[in-house]
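Heads up: the sequence shown begins at 777 in my numbering, then just goes up one per residue.
Structure first, commentary second.
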Amino acid sequence: MSESAMFPTYARYPITLVKGKGSRLWDDQGKQYLDFMSGLAVTNLGHVPETVKQAIVKQLDELWHMSNLFSNPNQEKAAKLLTDNSCADAVFFCNSGAEANEAAIKLARRYHQKVRGENRFEIITFTQSFHGRTLATLTATGQDKVKEGFLPLPEGFVHVPLHDLDALRAAVTERTAAVMLELVQAEGGVIPVDPAFLKEVRAFCDQNGLLLIIDEIQTGMGRTGKLFSFQHYDVEPDIFTLAKGLGSGFPVGAMLAKQPFVAAFSAGSHGSTFGGTPIAMAAVAATVETIVNDNVPAKAAEASEYLFAELRRSLTDIPGVLDIRGKGLLVGILCDAPTADAIAELHKRGLLVVSAGPDVIRLLPNLLVTREEIDEAVALIAAVLTERAAAKQI
Ligand SMILES: *Cc1c(COP(=O)(O)O)cnc(C)c1O
777 MSESAMFPTY ARYPITLVKG KGSRLWDDQG KQYLDFMSGL AVTNLGHVPE
827 TVKQAIVKQL DELWHMSNLF SNPNQEKAAK LLTDNSCADA VFFCNSGAEA
877 NEAAIKLARR YHQKVRGENR FEIITFTQSF HGRTLATLTA TGQDKVKEGF
927 LPLPEGFVHV PLHDLDALRA AVTERTAAVM LELVQAEGGV IPVDPAFLKE
977 VRAFCDQNGL LLIIDEIQTG MGRTGKLFSF QHYDVEPDIF TLAKGLGSGF
1027 PVGAMLAKQP FVAAFSAGSH GSTFGGTPIA MAAVAATVET IVNDNVPAKA
1077 AEASEYLFAE LRRSLTDIPG VLDIRGKGLL VGILCDAPTA DAIAELHKRG
1127 LLVVSAGPDV IRLLPNLLVT REEIDEAVAL IAAVLTERAA AKQI
């Protein structure tokens, strides 16, 4: 390949994708792939979903941009759809997941400092978590690899081990503002949070006047079998964040909060030039409407049951496969050794999957994936992992 004019921030796969429809992708050689990564949990409705495409095309003919200094009916509509279908009462739109988490961190700080008049600013997050790449969100992230070379990091973030309530208790001081977590640590290796722990964290936050922020950027928009992953549990966050699947591939993020926290932001306290632009909002409204009206989360839950059953049936006896874990259609296959070679081989055979840390193969099919597609994917994964186990024994 000729020298690239871009920063080498990604170790890219040697595949150039040029077209997608539903669960299928095609490269520039015309080779077809079955997509079990969905652009990292983004194309939850499959590639180029018709309802979202039509909404975007319609808006393209009307108005692209006019600034958040004007009212924006598309934004009102998208926000109403999100609040009608969740515990939230207000939405701030931005352009990415990191920005959504930045907004959540800012809202939590400002609520304590402006509404309650307390100098609280520290956010407690968990080891192995991932919350983004801006300076604040990479500091919030509980993995050292994203922080190397970026010192000094901003103040105000503390990490404790997941599922360790004593460590959480010990980490709280008079400066603590909030606890932030994903309900399935996705980038960290597809690690589901124990429901009992989540309940204890919620109760602990209530007892100590702390906000609970749930990062739904990867788990939201139907991915786990409910519109938002916290809806599986009898727990509501004070603030939650969305991006990835929110616009079906159109870049957009959102920070949502319940009523008591809405007044912590006033005119001028936060903003974004592009946040909630008419085209993005057309994509969000059509995405949410499609997910809700077509019962997409329930379909994802059904597909998930089948996928887990087939994976367990086909992989459990393969040496080197340690665990199959996750929730809904966010699935991790934990192996006893690095999986990069197996992932590369699956790509060669036409199945696109992605890692989640060195030893986990992550599956993120779209939420409308069929049983036939699941059969096809599981057969390929079983074949590659079996061959790999056999090669190791020689
Ligand atoms: C992807 C992701 C982010 C960051 O989103 P960007 O759009 O890449 O900024 C934050 N949190 C979680 C849980 C994610 O999966």
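For every residue, glycine included, the Cβ atom is placed at its ideal position computed from N, Cα and C.
Just so you know, these numbers come straight off a predicted model, no measurement behind them.
DSSP three-state assignment for S814, whether helix, strand or coil: Annotated three-state conformation of S814 is helix, per DSSP.
So is V833 buried or exposed if we call it buried at 16+ other beta carbons inside 10 Å? Around the beta carbon of V833, fewer than 16 other beta carbons sit within 10 angstroms, so the residue counts as exposed.
Selected residue, minimal CA-CA separation from Q919, among A1165, F926 and Q904: Comparing C-alpha distances from Q919 to each of A1165, F926 and Q904 shows the shortest one belongs to Q904.
Drop a sphere of 10 angstroms on the beta-carbon of H841, count the other beta-carbons inside from all chains shown, and report buried for 16 or more, exposed for fewer. So H841 ends up on the exposed side.
Can you give the Cα-Cα distance for A1155 and L1087, rounded to whole angstroms? The alpha-carbon atoms of A1155 and L1087 are separated by roughly 9 Å.
Which first and last residues belong to the alpha helix (DSSP H) in which E1065 is found? Note, E1065: alpha helix (DSSP H), P1054 to N1069.
Proximity test, G1029 beta-carbon vs ligand 1 heavy atom, cut-off 7 Å: Distances from the CB of G1029 to the heavy atoms of ligand 1 include at least one below 7 Å.
Under the three-state reduction of DSSP, which class applies to Y786: helix, strand or coil? DSSP places Y786 in the coil class of the three-state scheme, outside both helix and strand.
Alpha-carbon spacing of M782 relative to V1011, whole angstroms: Distance between the alpha carbons of M782 and V1011: 43 Å.
Are the segment 810–818 and the segment 1011–1028 in contact at 8 Å, needing three or more beta carbon pairs? The segment 810–818 vs the segment 1011–1028: in contact.
List, from N- to C-terminal side, the beta strand (DSSP E) runs of 3 residues or more that fit wholly inside the segment 828–895. Whole beta strand (DSSP E) segments, 3+ residues: 866–870.
Check whether P1091 and R1101 have beta carbons under 8 Å apart: A quick correction: the sequence has Leu, not Pro, at residue 1091. No, these two residues do not count as a Cβ contact at 8 Å.
In terms of alpha-carbon separation, which member of G1001, R999 and E992 lies closest to I1015? Of the candidates G1001, R999 and E992, the one whose C-alpha sits nearest the C-alpha of I1015 is E992.
Beta-carbon proximity of V934 to A947, cut-off 8 Å: In contact: V934 and A947 (Cβ atoms closer than 8 Å).
With a 10 Å radius around its C-beta and 16 neighbouring C-beta atoms as the bar for buried, classify P1114 as buried or exposed. With fewer than 16 Cβ atoms within 10 Å of its Cβ, P1114 is classed as exposed.
If G1001 sits next to G1104, beta carbons under 8 Å apart, how far is it from one beta carbon to the other, in whole angstroms? So it is a contact: roughly 4 Å between Cβ atoms.
Would you mind working out which of G1044, A972 and G1029 sits nearest Y1009, comparing C-alpha positions? Selected option, being the one with the closest Cα: A972.
Would I1170 be called buried (16 or more neighbouring beta carbons within 10 Å of its own) or exposed? The residue is exposed, with fewer than 16 neighbouring Cβ atoms inside 10 Å.
Three or more C-beta pairs under 8 Å: does that hold for the segment 852–861 against the segment 1064–1077? In short, these stretches touch, since the Cβ pair count reaches three.
State the start and end residues of the unbroken alpha helix (DSSP H) segment that holds F1037. Per DSSP, the continuous alpha helix (DSSP H) segment holding F1037 begins and ends at Q1035 to V1038.
8 Å contact criterion, which G873 and G1029 should meet: CB distance rounded: Their Cβ separation, rounded to whole angstroms, is 5 Å, which keeps G873 and G1029 in contact under 8 Å.
Which partner residues does E1031 have in the DSSP bridge list? First, the residue type needs correcting, since residue 1031 is Met and not Glu in the sequence shown. For M1031, which the question treats as bridged, DSSP gives the partners F868 and T1017.
Does the Cβ of F1004 lie closer than 7 Å to at least one heavy atom of ligand 1? Because no heavy atom of ligand 1 lies under 7 Å away, the Cβ of F1004 does not count as near it: no.
Cβ-Cβ distance between P1134 and S814 below 8 Å: Taking 8 Å as the cut-off, the Cβ atoms of P1134 and S814 do not count as close.
Buried or exposed: P825, going by 16 or more other Cβ atoms within 10 Å of its Cβ? Around the Cβ of P825, a 10 Å sphere holds 16 or more other Cβ atoms; the residue is buried.
Is the beta carbon of S1131 sitting closer than 8 Å to the one on A1116? Result yes, Cβ atoms of S1131 and A1116 sit closer than 8 Å.
Helix, strand or coil: which one does DSSP assign to I993? Secondary structure at I993: coil, using DSSP grouped into helix, strand and coil.
Ligand 1 and S872: does any heavy atom of the ligand fall closer than 7 Å to the residue's C-beta? Indeed, a heavy atom of ligand 1 lies less than 7 Å from the Cβ.
Can you list, in chain order, the residues of its chain whose CB lies under 7 Å from that of R978, leaving out five sequence neighbours each side? Excluding sequence neighbours, R978 sits near L988 and V1011.
Applying the criterion that 16 or more other CB atoms from any shown protein chain within 10 Å of the CB defines a buried residue, is G964 buried or exposed? Residue environment for G964: buried (at least 16 other C-beta atoms within 10 angstroms of its C-beta).
The segment 1049–1057 contacting the segment 881–889, beta-carbon criterion three pairs below 8 Å: With fewer than three CB-CB distances shorter than 8 Å, the segment 1049–1057 does not count as touching the segment 881–889.
According to DSSP, is Y809 part of a helix, a strand, or is it coil? Y809: strand per DSSP, three-state reduction.
Would E878 be called buried (16 or more neighbouring beta carbons within 10 Å of its own) or exposed? Around the Cβ of E878, a 10 Å sphere holds 16 or more other Cβ atoms; the residue is buried.
Which residues DSSP lists as bridging E898, in chain order: DSSP output for E898 lists T952 as bridge partner(s).
Can the beta-carbon of G1052 be found less than 8 Å from the beta-carbon of N844? It is a contact, given that the beta carbons lie within the stated cut-off.
When the Cα of Q994 is compared with those of Y786, L959, Q1007 and S862, which residue comes out closest? Of Y786, L959, Q1007 and S862, the residue nearest in Cα terms is L959.
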